[in-house]
Structures are given as structure tokens and as C-alpha cells.
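For reference, the structure discussed in these notes is given below.
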Amino acid sequence: FCQVQLPPLFNIPKSQLQCFGESAYCFSKNLLQQCNNAESSLDRFTSVVAWSISTTRPPSFGVAPYNPILGETHHVSRGSLNVLLEQVSHHPPVSALHATDEKENIELIWCQKPVPKFYGTRVEAEVIGKRQLKLLNHGETYMMNSPKLMIRFLPPRVDWIGKVKISCQETGLEAELCYITSSLLGRRGEHRVKGKIYQSSSMKTFYEVEGYWNSIVKAKDINSGKETIIYDAKEVYSELKTPIVKDLQGIWPTESTAVWSEVSKGILSKNWTKAREAKSTVEDNQRKLAKERASKGETWVPNHFTVSDSKEDGWDCSPIQERVPPAPIVVPL
Ligand SMILES: *[C@@H]1O[C@H](CO)[C@@H](O)[C@H](O)[C@H]1NC(C)=O
16 FCQVQLPPLF NIPKSQLQCF GESAYCFSKN LLQQCNNAES SLDRFTSVVA
66 WSISTTRPPS FGVAPYNPIL GETHHVSRGS LNVLLEQVSH HPPVSALHAT
116 DEKENIELIW CQKPVPKFYG TRVEAEVIGK RQLKLLNHGE TYMMNSPKLM
166 IRFLPPRVDW IGKVKISCQE TGLEAELCYI TSSLLGRRGE HRVKGKIYQS
216 SSMKTFYEVE GYWNSIVKAK DINSGKETII YDAKEVYSEL KTPIVKDLQG
266 IWPTESTAVW SEVSKGILSK NWTKAREAKS TVEDNQRKLA KERASKGETW
316 VPNHFTVSDS KEDGWDCSPI QERVPPAPIV VPL
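Count along the sequence shown from 1, then add 15; that gives the number in my numbering.
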């Protein structure tokens with residue numbers, strides 16, 4: 016997440032782009048399908064809230080993914096969901112994601128730019144960028160943001176914090192979620208999420224939401240007082256399957272796993288010399304390409320997105336293609 020150059024010893028063998036993509040395609044229970052299948056707009060909205068919570072994954076302390084290179088891509092399919100990511104900027108780091116599911120008629124468009132701020136004993140990485148989920152069968156678009164990643168050094172702790180707002184203009188439904196961490200409550204104070212689902216015009220609350228994003232989140236019906244489990248992390252990301260390469264020829268040279276494969280091999284075999292050399296090769300090649308572009312007066316443009324850097328929303332990424340094609344890497348069902 017941070018723009019600090021870490022020696023390969025501290026890298027987990029994957030790129031930040033891949034980690035970002037995993038929150039969209041790595042799941043054992045398909046909450047997106049649930050969003051699409053729910054009958055009432057309120058049920059769909061509640062399912063979208065649950066899905067949004069599912070994209071909040073446990074980060075690991077003391078390890079950092081690779082910093083993606085400019086134009087790095089990650090293209091993976093899970094069932095009928097095809098996901099394509101591209102690193103659309105290197106300084107600052109900005110990643111774009113497009114996912115389409117033709118069977119469910121669902122589209123995801125995300126843009127993310129992590130901005131780390133350093134506060135002595137902790138780092139807070141704000142994740143700037145729009146996240147859209149479109150349920151095309153219902154003509155509904157859901158807008159949301161990401162919580163912030165907090166890394167505390169003493170005592171060591173990583174957690175998500177801050178406000179997430181989810182809104183659907185077509186139905187007028189909104190949710191506010193607060194991700195909370197409190198060292199005073201010990202373990203019970205970690206990974207908490209609390210909020211409500213309401214009608215934006217009347218501010219009438221339907222559900223109060225409360226729980227832990229890494230275990231169970233419940234919604235309490237304000238009228239009846241009835242509580243239901245809307246999210247169970249165990250169903251979503253226990254027993255995740257490792258993606259497999261289905262079509263080696265179909266893998267682009269820009270694919271994350273190809274770009275970083277030699278570095279990962281070094282790390283996995285604990286040959287740090289090899290990992291360091293391979294990492295330098297990737298980075299030197301980046302610098303060489305940047306120099307060549309500069310000398311020719313060329314500007315790099317993304318292959319899969321048009322990107323604009325607007326002052327209000329930060330970066331905006333729109334996919335060039337209408338649909339993401341099936342990927343050469345697949346997550347077994
Ligand atoms: C580590 O990698 C280097 C460079 O690729 C290689 O020359 C060396 O033999 C490797 N060391 C071991 C212990 O495998």
C-alpha cells in the first residue's frame with residue numbers, strides 16, 4: 016500500500032493489483048448473484064451492503080505486495096464473472112478494475128488510489144476512488160467507497176477504519192457504515208463495523224447494522240426488532256480456491272503473475288539474491304521504458320481504460336470495452 020521501496024524479503028509473492036482484484040473475484044459464496052436475485056429493492060440494497068463488506072479483506076501485517084508497474088494487468092475469471100484490472104498510473108499509484116458478468120448482467124467499475132499518511136506510530140492509507148456496482152437487470156447503480164487501512168506499529172495491528180457510504184440513486188436507499196478499531200476493548204474492539212440503512216429523502220431508518228467484518232454482521236429491523244445475519248465472512252472467504260492457468264498462450268506479457276514471476280520464484284524458494292535481482296530487472300526495465308517515452312515526447316495511455324483526474328472525485332476510470340472477455344486464468348468453482 017505504501018510507496019516505500021521494500022526489499023523482497025518483505026513482499027508477499029503477489030502484486031498490489033492482484034490483491035485488489037482478489038477482493039472482487041476470490042469468494043466461496045457468490046454475494047453478487049444474491050444482490051441480483053433479491054426481489055425487493057430493500058433486499059437488494061441490503062445484499063449490496065453485505066457484498067461491500069465482503070470486499071474488506073484481512074490485511075497482513077509486516078508484508079507488502081509488489082508495487083504494480085505501469086500498464087500491469089490482471090485478468091481472471093470466476094464462473095461467468097470476468098475481471099480485468101490495469102495499473103493506469105505509477106506515480107501516484109492508481110489501479111482500475113472492470114468486471115462483467117453476462118449471465119447475471121452485472122458490471123463493476125472501480126478506481127483506487129491509496130494515499131498513505133504517516134502519523135508517528137501509525138500509517139493510515141486512504142483509498143480514494145469511486146466504486147460502482149451496476150445491477151443492469153434492475154436498472155440500478157450502487158456507488159460506494161472503501162474504508163481506510165490503518166497500520167499501527169506499537170502494538171502491531173492492522174485494521175480498516177473510517178466511513179463508507181453506499182447509495183443507490185434509483186431507489187433513494189443509502190447506507191452509512193463505520194469501520195471502528197479500539198485498543199481499549201482488546202480483541203473485541205477490532206474489526207468492528209456499525210451503521211444503518213435508510214431512505215435518503217425521509218432519513219427513515221430501516222435497519223441498524225452491527226458486527227465484525229471478519230466474522231458476522233447483523234441487521235436489526237427497526238420496526239419489528241428482528242435481527243438477521245446479513246454477512247458471514249466464513250462463508251465468503253474460507254476455503255478459497257487458488258486460481259489456475261487455463262490458457263498459458265492467452266496470458267498477456269503485462270499480466271501481474273507474469274511480470275513478477277521470477278521475483279515470486281525467488282521468494283518462494285527463499286533465494287533472496289534471486290528475488291532482489293529479479294525485482295531490480297523489473298524496475299530497471301520500467302525506468303528504461305519511461306526514459307524512452309520521455310525522449311520521444313510520448314505519453315503513456317492505458318490500454319483498457321480512459322482515465323481522468325478530476326479535482327472533486329480524485330481519479331475516474333471508465334472501461335474502454337463494454338464487456339470483459341473470459342480470462343486465461345480461472346478460479347475453480
Ligand atoms: C539463487 O539464485 C541465483 C541467481 O538466480 C543463483 O545463481 C543461485 O544458484 C541460487 N541459489 C540457490 C541456493 O539456489
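The beta-carbon is built from N, C-alpha and C at its ideal position, and this holds for glycine as well. Since the structure is predicted, the reported quantities are computational estimates derived from the model, not experimental observations.
With H, G and I counted as helix, E and B as strand and the rest as coil, what does DSSP make of residue i?
i: Asn97; result: strand
i: Leu348; result: coil
i: Phe35; result: helix
i: Phe304; result: In the sequence on display, residue 304 carries Leu and not Phe. Leu304 falls in the helix class under three-state DSSP.
i: Ile68; result: helix
i: Cys50; result: helix
i: Ile166; result: strand
i: His113; result: strand
i: Gln336; result: coil
i: Thr321; result: strand
i: Phe60; result: helix
Going along the chain, which residues of its own chain have a beta-carbon closer than 6 Å to the beta-carbon of residue i, five neighbours each way excluded?
i: Trp228; result: Ile68, Thr71, His206 and Val208
i: Ser333; result: Thr321
i: Lys289; result: Gly281
Using only the alpha-carbon positions, how far apart do residue i and residue j sit?
i: Pro343; j: Leu100; result: 14 Å
i: Gln186; j: Lys294; result: Checking the sequence shown, residue 186 turns out to be Thr, not Gln. Cα to Cα, the separation comes out at about 49 Å.
i: Val345; j: Lys280; result: 21 Å
i: Met158; j: Ser55; result: 18 Å
i: Arg137; j: Pro171; result: 9 Å
i: Pro268; j: Val274; result: 7 Å
i: Ser253; j: Glu37; result: 13 Å
i: Val64; j: Gly240; result: 19 Å
Measure the CB-CB distance between residue i and residue j and report whether it falls below 8 Å.
i: Ser43; j: Val316; result: no
i: Thr115; j: Arg338; result: yes
i: Phe168; j: Leu57; result: no
i: Gly210; j: Leu188; result: no
i: Trp330; j: Val109; result: yes
i: Asn152; j: Asn45; result: no
i: Ser11; j: His89; result: With the chain covering only 16 through 348, there is no way to say anything about residue 11.
i: Pro107; j: Lys128; result: yes
i: Ile166; j: Thr196; result: no
i: Pro83; j: Ser30; result: yes
Excluding sequence positions up to five away, which residues of its chain have a Cβ less than 7 Å from the Cβ of residue i?
i: Pro73; result: Asn229
i: Asp174; result: Met165, Thr196, Glu205 and His206
Does any heavy atom of ligand 3 sit closer than 7 Å to the C-beta of residue i?
i: Thr156; result: No copy of ligand 3 appears in this structure; the ligands present are ligand 1.
Sorted by chain position, which residues of the same chain lie with C-beta nearer than 8 Å to residue i's C-beta, five sequence neighbours on each side aside?
i: Ala53; result: Arg59, Thr61 and Ser62
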